[in-house]
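Inspection log for the structure reproduced underneath, given as structure tokens.
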Amino acid sequence: MGPHISSAAWDLLTTRPWPSAGAYRAAGTFLLAGVPTQELARNLGMLLGGLGVGSLAMLGIHRRKATSFRTMDVERLNEERRRFQAAAEASRDAFYILDSVRDSKGTIRDFSFRYVNAEGERRLQGKAGSLVGASCLEHFGRFLEPSQIERYFEVVETGASLTVELPVTSTGAKIKWLRHHVVQLGDGVAISSTDMTEFKAVQDQFHSVSEFSEHIFEQAPFGIIATDGAGTITAMNIEAEQLTGYSSQELIGSASILLLHDPQELQQRAIQRSEQDGVMLQGIDLISSPPERISISASTVMSKVVVTKTPGSHTVPEQDWTFIRRDGTRLPVSLALKVLTGPAGERTGMIAIAHDSTKRKHVETDPATGGLYDDLTGLVSKSLLEDRITQAIKRSKRAGTKVAVLTMDVDNFKRINDALGHPVGDEILTTAANRLMGKVRISDTVARIGGDEFIVLLPDHTDISNIEFCAEQLLRTISSPYMVSGHAINVTSSIGICVYPDLAADTETLLRRSETAMFWAKEAGRHRMAMFAPKMLEDAYSRLSMEGALRQAMDRDELFMEYQPQVALPSGKVIGMEALLRWRHPKFGLVSPAHFIPMAEKIGILPEFGMWLMRKSCQEAKWIQEKLGRRVSLSVNLSPHQFAQAKLLRTIEESLDESGLHPNDLEIEIIENTLMINSSANMKTLQMIRDLGVGLSIDDFGTGFCNFNYLLQYQVDRLKIDQSFVRQAASDVNAASVVRTVIAMSHGLGVKVIAEGVETRDQLKFLLRRRCDQAQGYFFARPLSPEKFVEAVPGIERMNLSDPSGERAAVAIAAEEKIEFIRPTDGNLRPVTIG
Numbered sequence: 002m003g004p005h006i007s008s009a010a011w012d013l014l015t016t017r018p019w020p021s022a023g024a025y026r027a028a029g030t031f032l033l034a035g036v037p038t039q040e041l042a043r044n045l046g047m048l049l050g051g052l053g054v055g056s057l058a059m060l061g062i063h064r065r066k067a068t069s070f071r072t073m074d075v076e077r078l079n080e081e082r083r084r085f086q087a088a089a090e091a092s093r094d095a096f097y098i099l100d101s102v103r104d105s106k107g108t109i110r111d112f113s114f115r116y117v118n119a120e121g122e123r124r125l126q127g128k129a130g131s132l133v134g135a136s137c138l139e140h141f142g143r144f145l146e147p148s149q150i151e152r153y154f155e156v157v158e159t160g161a162s163l164t165v166e167l168p169v170t171s172t173g174a175k176i177k178w179l180r181h182h183v184v185q186l187g188d189g190v191a192i193s194s195t196d197m198t199e200f201k202a203v204q205d206q207f208h209s210v211s212e213f214s215e216h217i218f219e220q221a222p223f224g225i226i227a228t229d230g231a232g233t234i235t236a237m238n239i240e241a242e243q244l245t246g247y248s249s250q251e252l253i254g255s256a257s258i259l260l261l262h263d264p265q266e267l268q269q270r271a272i273q274r275s276e277q278d279g280v281m282l283q284g285i286d287l288i289s290s291p292p293e294r295i296s297i298s299a300s301t302v303m304s305k306v307v308v309t310k311t312p313g314s315h316t317v318p319e320q321d322w323t324f325i326r327r328d329g330t331r332l333p334v335s336l337a338l339k340v341l342t343g344p345a346g347e348r349t350g351m352i353a354i355a356h357d358s359t360k361r362k363h364v365e366t367d368p369a370t371g372g373l374y375d376d377l378t379g380l381v382s383k384s385l386l387e388d389r390i391t392q393a394i395k396r397s398k399r400a401g402t403k404v405a406v407l408t409m410d411v412d413n414f415k416r417i418n419d420a421l422g423h424p425v426g427d428e429i430l431t432t433a434a435n436r437l438m439g440k441v442r443i444s445d446t447v448a449r450i451g452g453d454e455f456i457v458l459l460p461d462h463t464d465i466s467n468i469e470f471c472a473e474q475l476l477r478t479i480s481s482p483y484m485v486s487g488h489a490i491n492v493t494s495s496i497g498i499c500v501y502p503d504l505a506a507d508t509e510t511l512l513r514r515s516e517t518a519m520f521w522a523k524e525a526g527r528h529r530m531a532m533f534a535p536k537m538l539e540d541a542y543s544r545l546s547m548e549g550a551l552r553q554a555m556d557r558d559e560l561f562m563e564y565q566p567q568v569a570l571p572s573g574k575v576i577g578m579e580a581l582l583r584w585r586h587p588k589f590g591l592v593s594p595a596h597f598i599p600m601a602e603k604i605g606i607l608p609e610f611g612m613w614l615m616r617k618s619c620q621e622a623k624w625i626q627e628k629l630g631r632r633v634s635l636s637v638n639l640s641p642h643q644f645a646q647a648k649l650l651r652t653i654e655e656s657l658d659e660s661g662l663h664p665n666d667l668e669i670e671i672i673e674n675t676l677m678i679n680s681s682a683n684m685k686t687l688q689m690i691r692d693l694g695v696g697l698s699i700d701d702f703g704t705g706f707c708n709f710n711y712l713l714q715y716q717v718d719r720l721k722i723d724q725s726f727v728r729q730a731a732s733d734v735n736a737a738s739v740v741r742t743v744i745a746m747s748h749g750l751g752v753k754v755i756a757e758g759v760e761t762r763d764q765l766k767f768l769l770r771r772r773c774d775q776a777q778g779y780f781f782a783r784p785l786s787p788e789k790f791v792e793a794v795p796g797i798e799r800m801n802l803s804d805p806s807g808e809r810a811a812v813a814i815a816a817e818e819k820i821e822f823i824r825p826t827d828g829n830l831r832p833v834t835i836g
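Numbers given in this note's numbering equal positions in the sequence shown, counted from 1, plus 1.
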């Protein structure tokens with residue numbers, strides 16, 4: 002082992018002042034005896050790397066003879082010592098000098114502290130100077146494994162320095178990771194200890210985002226194609242392969258993105274752009290020239306033909322194009338582009354998001370006036386069904402037989418779509434249609450009239466009991482488990498029945514009363530069937546009475562607001578609230594919003610309620626802010642009908658002006674499908690709302706036809722994950738995957754995510770692990786009056802979200818195992834159990 006700096010020398014440097022030259026001479030022989038200047042400088046440089054390269058200069062170490070060093074002015078040496086200590090004490094890193102503690106055989110068993118700077122004392126929770134002479138294993142052992150500390154023994158024995166990153170094992174410690182740089186110092190070591198917690202968190206987040214990004218890319222429900230700066234395809238996901246018919250191996254690294262486009266369409270668009278904007282592609286034949294023969298890059302062609310001239314924008318709004326698939330067929334697609342640029346503004350690549358626009362175009366047209374057959378299931382449409390019912394009634398009159406109409410739908414189908422996605426929902430509908438067709442006679446008709454609603458026509462029956470038996474068989478058939486992607490999904494259904502001539506006299510009445518019976522079956526508990534009875538009309542009249550009362554609710558001051566807190570994660574701070582409309586009627590009591598809001602929308606008074614809600618909630622939100630002494634945001638929901646109102650902007654402006662609520666504290670929530678209806682007009686309205694300073698949130702994200710392309714086109718502040726996903730995320734793999742994907746993609750786009758319907762500890766833990774930004778639900782608080790909201794905030798903010806204690810009541814809806822059939826008996830309705 003080569004020369005080293007003695008502990009006595011470091012004692013002089015770091016702890017003892019020199020009162021006189023004589024005192025220094027007495028100890029000076031320890032300082033440089035046998036230690037070359039280069040060796041001294043090397044050791045000090047390694048030791049003080051965390052303190053800065055200027056530390057050696059502050060120590061005043063120079064290459065000189067020992068005799069000249071001994072005559073150095075004592076005061077100057079004391080000054081240098083003070084500078085060293087000042088540098089060490091000011092360091093954000095902890096700094097330790099340790100002496101070896103050996104047993105009788107000379108084996109190192111421990112270290113004792115010789116010097117600890119202020120940061121080191123803070124981490125070890127020791128008072129100034131109290132750690133000197135204390136056991137290193139005793140103090141370090143509180144947060145480091147003994148085996149880790151024992152590695153430092155080798156540094157003393159071998160002289161080889163060590164740099165190691167260590168996890169902190171102490172429960173509840175703020176510091177989670179440390180980096181120790183250890184060098185030999187006499188018969189001991191010097192340690193520079195850096196807090197790596199924040200760096201490790203960023204590193205973990207990067208790995209997590211990378212993992213999610215790869216998963217999202219491959220599992221995205223739309224095609225994603227990436228190119229380099231020249232337009233050569235560099236990546237494409239599974240959906241893009243299905244759209245184009247090409248495998249990724251065929252195109253990546255060798256094919257231009259132009260290969261996927263219709264050359265004639267590109268040429269026509271080029272001509273249009275040249276006429277409109279003066280964009281010229283001179284001397285280029287996009288029709289007859291193959292992509293690899295075109296003289297300029299595909300990226301340039303795409304940028305000139307596809308990319309609109311939007312100042313400062315690198316994102317292209319969704320446009321309709323035509324892909325030429327591998328087999329030569331033409332596929333209409335909706336295509337959005339993102340142009341990627343480098344630091345100097347140069348084009349480095351493009352990302353194209355494409356999806357089949359055939360289905361969207363069908364949705365945008367009126368399906369009721371479309372063809373005679375349903376596109377998804379192949380069943381007859383409503384118009385053809387009505388004709389067949391009319392013909393069956395005519396035959397029934399001649400033959401003296403009965404005609405039955407069964408209206409059925411899938412119970413909680415929206416929940417299935419929300420949790421598993423529309424492709425799974427479509428597969429269930431297609432399977433249900435096939436099952437129904439397999440159970441009926443050739444003379445019967447099965448129709449799909451929209452959404453998850455089916456109608457079965459059973460003509461030429463002679464006995465109602467036979468009709469009941471057929472309905473029971475159909476209910477059992479449609480309610481059997483569905484195998485989708487290897488998973489069994491339990492589905493139930495409700496059926497309403499009406500019979501000609503016993504309960505209805507014409508086609509319209511048959512359809513209307515069978516639907517009334519189906520709604521009655523649903524209200525009676527679902528997963529059952531009901532024969533129409535006159536009493537059901539009385540219930541319908543009751544609904545009409547409630548509708549009349551609802552029209553007068555605002556004038557009678559029966560409407561009021563409640564607010565559900567929205568909490569930031571993981572801090573637990575209440576940062577906002579969602580405004581929720583309530584109705585208390587003197588006769589009906591507190592009516593569920595799930596009941597009266599659709600009713601208000603049906604009878605056309607929801608926009609009027611919406612204007613009242615906007616004004617009232619802004620006023621009460623301002624009052625809550627004043628009582629809390631701080632700003633919290635207000636979220637207000639708008640239905641598609643409200644969003645289309647001409648007075649919407651004026652209502653928002655007046656509500657803000659009258660209440661004094663800051664525009665930045667108001668957030669408008671809209672559902673995804675709002676963006677699908679007259680999208681261009683809605684985008685204009687959204688922009689005007691943004692111009693007021695009001696925020697925008699997408700409610701129940703993932704439950705409609707929307708996709709992340711809208712987030713590229715318009716600046717959305719927040720996405721709200723629907724509660725159906727949140728409730729299942731902790732136990733259902735598919736729901737958890739949806740939540741992870743939404744959070745990861747939103748964060749990638751700089752959009753915050755809030756989860757609604759958080760009711761249990763497991764749900765909250767799942768969201769915390771996935772770094773969800775905000776949450777609301779019964780776990781924190783139910784919707785509250787303004788006064789109760791203010792009272793509840795301190796208690797909510799005292800909750801320890803990192804270890805949430807106590808389960809909150811979660812409402813579990815268990816599917817019934819028995820099927821109940823409702824039929825009239827002596828003028829009354831009686832449930833009959835069939836199985």
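Beta carbons: idealized from backbone N, C-alpha and C, even for Gly.
- Residue environment for residue 342: exposed (fewer than 16 other C-beta atoms within 10 angstroms of its C-beta).
- Non-local beta-carbon contacts of residue 178 in its own chain, meaning distances under 8 Å to residues more than five positions away in sequence, involve 166, 167, 168, 169, 196, 197, 198, 200, 201 in chain order.
- In the DSSP assignment, residue 97 is bridged to 117, 192.
- Judged by beta-carbon spacing, residue 241 lies beyond the 8 Å limit of residue 258, meaning their Cβ atoms are not closer than that value.
- A direct Cα-to-Cα measurement between residue 336 and residue 270 gives close to 14 Å.
- Under the criterion of beta carbons closer than 8 Å, residue 409 and residue 325 do not qualify as touching, at roughly 43 Å.
- DSSP lists 406 as the bridge partner or partners of residue 499.
- Counted as a single uninterrupted DSSP element, the stretch harbouring residue 460 is not any alpha helix (DSSP H) but the beta strand (DSSP E) occupying residues 454–462.
- Annotation: residue 667 to residue 485 spans about 42 Å, alpha carbon to alpha carbon.
- The three-state reading of DSSP puts residue 250 in helix, counting H, G and I together.
- A residue is called buried once 16 or more other Cβ atoms fall within 10 Å of its Cβ, and residue 417 is buried on that count.
- With a cut-off of 8 Å on Cβ pairs, the region 576–588 is in contact with the region 630–641, counting three or more such pairs.
- For residue 457 and residue 522, the gap between their C-alpha atoms comes out near 17 Å.
- Taking 8 Å as the cut-off, the Cβ atoms of residue 738 and residue 721 do not count as close.
- Residue environment: residue 460 is assigned as buried (16 or more neighbouring CB atoms within 10 Å of its CB, all protein chains considered).
- Here residue 528 is buried: its Cβ has 16 or more other Cβ atoms, across all protein chains shown, within 10 Å.
- In this structure residue 113 is not in contact with residue 88, their Cβ atoms being roughly 23 Å apart against a cut-off of 8 Å.
- Looking at 171, 561, 125, the one whose alpha-carbon comes closest to that of residue 146 is 171.
- Rounded to whole angstroms, residue 550 and residue 600 show a C-alpha spacing of 11 Å.
- Sequence-distant partners of residue 188 (beyond 5 residues in either direction) whose C-beta falls short of 7 Å from its own C-beta, in its chain, are 8, 100, 101, 157.
- Between the alpha carbons of residue 566 and residue 338 lies a gap of roughly 38 Å.
- Taking C-alpha positions only, residue 430 is separated from residue 414 by approximately 10 Å.
- Rounded to the nearest whole angstrom, the C-alpha separation of residue 267 and residue 322 is 9 Å.
- With a 10 Å radius around the Cβ and a threshold of 16 neighbouring Cβ atoms, residue 696 comes out buried.
- Under the DSSP assignment, residue 335 falls in the beta strand (DSSP E) whose first and last residues are 331–342.
- Here residue 516 has 408, 497 as same chain residues with Cβ atoms under 7 Å from its own Cβ, once five neighbours each way along the sequence are excluded.
- DSSP links residue 357 through a beta bridge to 334.
- For residue 622, the enclosing alpha helix (DSSP H) has its first and last residue at 607–629.
- Counting every other CB atom within 10 Å of its CB across the protein chains shown gives residue 108 a total below 16, marking it as exposed.
- Only residues of its own chain outside the window of five on either side were considered, and among them 404, 458, 460 have a CB closer than 7 Å to the CB of residue 393, listed in chain order.
- A straight line joining the alpha-carbon of residue 596 with that of residue 333 spans about 41 Å.
- With 16 or more other CB atoms across the displayed protein chains lying within 10 angstroms of its CB, residue 622 is buried.
- For residue 568, the enclosing beta strand (DSSP E) starts and ends at 560–569.
- When the five nearest sequence neighbours on each side are left out, the beta carbons in the same chain lying within less than 6 Å of the beta carbon of residue 350 are those of 228, 229, 230, 341, in order along the chain.
- C-alpha of residue 103 to C-alpha of residue 154: approximately 10 Å in a straight line.
- Within the region 378–406, the runs of alpha helix (DSSP H) that reach at least 4 residues and sit entirely inside it are, in chain order, 383–400.
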